[in-house]
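Undergrad: Just so you know, we're using our numbering here: the sequence shown kicks off at 3 and counts up by one. We treat Cβ as the ideally placed atom computed from N, Cα and C, and that holds for glycine. All figures in this text were calculated on a predicted structure; none of them were measured in a lab.
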Amino acid sequence: MLDVYESIIGLPILNESVDWNVVIEIVSIAMVIVFLSGLRPAWTASRLKPLDILGGQHEVRVGSKFLQKLTARLPTTIGLTIRSSMRKPVRLSLTFLAVGLSMLIYGSMLMFSGSMVDILVDNLEEGQQWDVQADIPEVGPEGIIAWSSEHNATYELVIEYPFGTIKDDTGKAKPFTAIGLEKFATEGSSMRLVNLIEGRLPANETETVQVLADEGTATLLDWKLNEKRTLKLGTMMFDVELVGTTRGEISRTIYFHRTFLEEDIGIEPTSVYLKLENGGSIDGDLADVSQGLTEKQNLLSGINKLLEQQSQFLGVFIFLGILVAVAVLFNTLVMNLAERDLELSTLRVLGASTTRLGSMIIGENFVIGLVGGIFGAIFAYFGTVYIAGEFSSWTFYITVVPSLKVVIFLIATVIIISLAITPYGIWRLRRMNLVEKVKDFSS
């Protein structure tokens, strides 16, 4: 594992040492879990009566009459599967729970990676429709505007002012970036769309300045809709009203109308968004009249490269999660089959064919995979929320948004693993010694 970490981080590990405190802690936790897991079986075994065990009464369980009536009109194999699976609902429930927990690590890492992609990539690709961001020099934006007119490019002035502060509940000033947009829109031809998740778009020229805040700012400040707060931009302090929250920003951001920042606060536009015509490109003339240029495609390439490096790091945990998931799933489903040896052998003695019993096992494993996968997706979501909460701070905030693709992938993974164990169950059926099973049942 140390070699894997070296290849991901890119730095050699010079001092390889074993922290025995960590080793002792891991061993202690494992021993406590094993001890607690053995309490109920030990308590159950202590209450068994020898005569009941010798007579086999502890294994005899009459099926539910309700289930018999419910499945009476179903096809034989389906009805048999339902009755056999539901004879011990506690065992079945624990199987669902164990299968779901097995996907906790694997699913959490997948959801966390998916949330990062949604925030960093999807927001930039879909929410920001400019091709080039040209920083305005001291002489003003006239040269950039003239270049856009010559090259049939549309433009939009924007203000990005990173020197705003707002006080939290403790009175501590928190920094944020003030974004001044020409117009607010959630869809359409605006150069920078806002992903509004709650509230409404702010109106211009109101008695109290209306603003939008990113979800992280509103959550960390406990800033409710229609609530007023005092902000500071430069040396000026004024009240604003929060009318909506947005999603897609990692750093703390508050959106204003550009005309308010420019006319009332005195902040000049800092950049120009340019939308090039089809086949258009930037040239040296634009670079000469700009303080700096940022191409959207280059920015996306840099973010994708950063996410690729991050995915290599998370890939280690995803791989470990897969190993844990497969091991737990295999152990859980094999134990589920082993506990039903008597039931399956009895059905074979009564005339059920191996093909029909195999179909029954396939159906049961499919249901276990489906329900266990749903449990796994739920556990993975809450695990991802916990991870995001540990990573999030005022400077970096991530919101977990469950992706339907990830959820379906998790459920499909559990179903595939569950069905992959079916041949082992059929193999156990074919190797059963029915003579011995009949003797056990007769006794």
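1) Can you name, in chain order, every residue of its own chain whose Cβ lies under 8 Å from the Cβ of VAL62, other than the five neighbours on each side?
2) Measuring only the C-alpha atoms, how far is PRO425 from ILE418?
3) My output table needs one value for TYR399: the three-state DSSP class, helix, strand or coil.
4) Measure from the alpha carbon of TYR163 to the alpha carbon of each residue in LEU406, SER292, ARG260, then state which is nearest.
5) Alpha carbon to alpha carbon, how far is GLY323 from ILE107? Give it in angstroms, no decimals.
6) Using the three-state DSSP reduction, which class does GLU18 fall into: helix, strand or coil?
7) May I have the straight-line CA-CA distance separating SER48 from GLY40, to the nearest angstrom?
8) What is the DSSP secondary structure of THR248, counted as helix, strand or coil?
9) Tell me, which residues are paired with GLN461 by DSSP?
10) So what does DSSP say about ARG93, is it helix, strand or coil?
11) Does the region 232–248 come within contact of the region 210–219, defined as at least 3 CB pairs closer than 8 Å?
12) From the DSSP output, in three-state form, read off GLY186 for me.
13) Distance check for THR272 and SER19, CA to CA, integer angstroms please.
14) Whole angstroms is fine: what's the gap from VAL25's alpha carbon to VAL34's?
15) Using only the alpha-carbon positions, how far apart do THR334 and ARG93 sit?
16) Can you tell which of MET434, LEU38, GLN135 has its C-alpha closest to the C-alpha of LYS277?
17) So what does DSSP say about ALA220, is it helix, strand or coil?
18) If you drop the 5 nearest sequence neighbours on each side, which residues of the same chain put their C-beta closer than 8 Å to that of ASN280?
19) I need the straight-line Cα distance from MET434 to VAL101, nearest angstrom please.
20) Determine the DSSP secondary structure at GLU128, reduced to helix, strand or coil.
21) Given a cut-off of 8 Å, decide if GLY385 and SER110 are closer than it, judged by their beta-carbon atoms.
22) My output table needs one value for ILE423: the three-state DSSP class, helix, strand or coil.
23) Along the alpha helix (DSSP H) that carries GLY391, what are the first and last residues, could you check?
24) Can you give me the C-alpha to C-alpha distance between GLY182 and ASP133, rounded to a whole angstrom?
25) Whole angstroms is fine: what's the gap from ALA379's alpha carbon to ALA175's?
26) So, helix, strand or coil for ARG430, using DSSP?
27) With a threshold of 6 Å on Cβ separation, who are the neighbours of ASN288 within its own chain once the five nearest residues in sequence on each side are excluded?
28) What does a CB cutoff of less than 8 Å around LEU76 pick up in its chain, not counting 5 residues either side in sequence?
29) For THR219 versus ARG254, is the C-beta distance shorter than 8 Å?
30) In terms of alpha-carbon separation, which member of SER191, LEU96, ILE121 lies closest to ASN306?
TA: Checking against the coordinates, here is how it stands:
1) Start at 1 with the first residue of the sequence shown, and residue 62 comes out as number 60. Any reading at VAL62 needs caution, since the residue's pLDDT is 48, under 50, leaving its predicted position unreliable; the model's value is listed next. Answer for VAL62: no residue qualifies.
2) Your numbering for residue 425 matches position 423 in the sequence shown. Your numbering for residue 418 matches position 416 in the sequence shown. So the two alpha carbons sit approximately 13 Å from each other.
3) As a position in the sequence shown, residue 399 is number 397, starting the count at 1. Correct three-state label for TYR399: coil.
4) Translated into positions along the sequence shown, residue 163 becomes position 161. Comparing Cα positions, the closest option is ARG260.
5) Here the question's residue 107 lines up with position 105 in the sequence shown. Here the question's residue 323 lines up with position 321 in the sequence shown. Spanning the two alpha carbons is a distance of roughly 5 Å.
6) By 1-based counting over the sequence shown, the position of residue 18 is 16. Under the three-state reduction of DSSP output, GLU18 falls in the coil class, being neither helix nor strand.
7) Start at 1 with the first residue of the sequence shown, and residue 48 comes out as number 46. Start at 1 with the first residue of the sequence shown, and residue 40 comes out as number 38. Looking at the backbone, the Cα of SER48 and that of GLY40 are separated by about 12 Å.
8) Translated into positions along the sequence shown, residue 248 becomes position 246. DSSP places THR248 in strand when its eight states are reduced to three.
9) Nothing about residue 461 can be read from this structure; the chain reaches only from 3 to 445.
10) Taking the sequence shown and counting its residues from 1, one reaches residue 93 at position 91. DSSP places ARG93 in helix when its eight states are reduced to three.
11) In this structure the region 232–248 touches the region 210–219; the number of beta carbon pairs closer than 8 Å is three or more.
12) As a first step, residue 186 is located in the sequence shown; it is residue number 184 there, counting from the start. Just to set this straight, residue 186 is Phe in the shown sequence, not Gly. Coil at PHE186, not helix or strand.
13) Taking the first residue of the sequence shown as 1, we reach residue 19 at position 17. Taking the first residue of the sequence shown as 1, we reach residue 272 at position 270. Those two C-alpha atoms are separated by around 51 Å.
14) In the sequence shown, residue 25 corresponds to position 23, counting from 1. In the sequence shown, residue 34 corresponds to position 32, counting from 1. Roughly 14 Å separates the two Cα atoms.
15) As a working note, residue 334 is residue 332 in the sequence shown. As a working note, residue 93 is residue 91 in the sequence shown. Rounded to the nearest angstrom, the two C-alpha atoms are 10 Å apart.
16) Residue mapping note: residue 277 aligns to position 275 of the sequence shown, counting from 1. Here the closest residue by C-alpha is GLN135.
17) For the purposes of this step, residue 220 is taken as the residue at position 218 of the sequence shown. Looking at ALA220 - three-state DSSP - the assignment turns out to be helix.
18) To locate residue 280, count along the sequence shown from 1; it is residue 278. So the list is empty, once near-sequence residues are dropped.
19) Your numbering for residue 434 matches position 432 in the sequence shown. Your numbering for residue 101 matches position 99 in the sequence shown. In a straight line, the C-alpha of MET434 is about 27 Å away from that of VAL101.
20) Along the sequence shown, read from residue 1 onward, the residue named residue 128 stands at position 126. It is helical.
21) What you label residue 110 is simply residue 108 of the sequence shown in a count that begins at 1. What you label residue 385 is simply residue 383 of the sequence shown in a count that begins at 1. Yes, these two residues count as a Cβ contact at 8 Å.
22) If you number the sequence shown from 1, residue 423 lands on position 421. If DSSP states are grouped into helix, strand and coil, ILE423 belongs with coil.
23) As a working mapping, residue 391 is identified with position 389 in the sequence shown. Taken as a continuous stretch (DSSP letters only), the alpha helix (DSSP H) holding GLY391 covers 356–393.
24) Position 180 of the sequence shown, counted from the first residue, corresponds to residue 182. Position 131 of the sequence shown, counted from the first residue, corresponds to residue 133. Rounded to the nearest whole angstrom, the CA to CA distance from GLY182 to ASP133 is 19 Å.
25) For the purposes of this step, residue 379 is taken as the residue at position 377 of the sequence shown. For the purposes of this step, residue 175 is taken as the residue at position 173 of the sequence shown. Rounded to whole angstroms, ALA379 to ALA175 spans 39 Å at the Cα level.
26) Here the question's residue 430 lines up with position 428 in the sequence shown. Reduced to three states, the DSSP call for ARG430 is helix.
27) As a working note, residue 288 is residue 286 in the sequence shown. The sequence given here places Leu at residue 288; Asn does not occur at that position. Contacts found: TRP149.
28) As a position in the sequence shown, residue 76 is number 74, starting the count at 1. Cβ neighbours of LEU76 beyond the five flanking positions: ILE84.
29) Along the sequence shown, read from residue 1 onward, the residue named residue 219 stands at position 217. Along the sequence shown, read from residue 1 onward, the residue named residue 254 stands at position 252. Yes, they are a contact pair.
30) Stepping through the sequence shown from its first residue, residue 306 is reached at position 304. It is ILE121.
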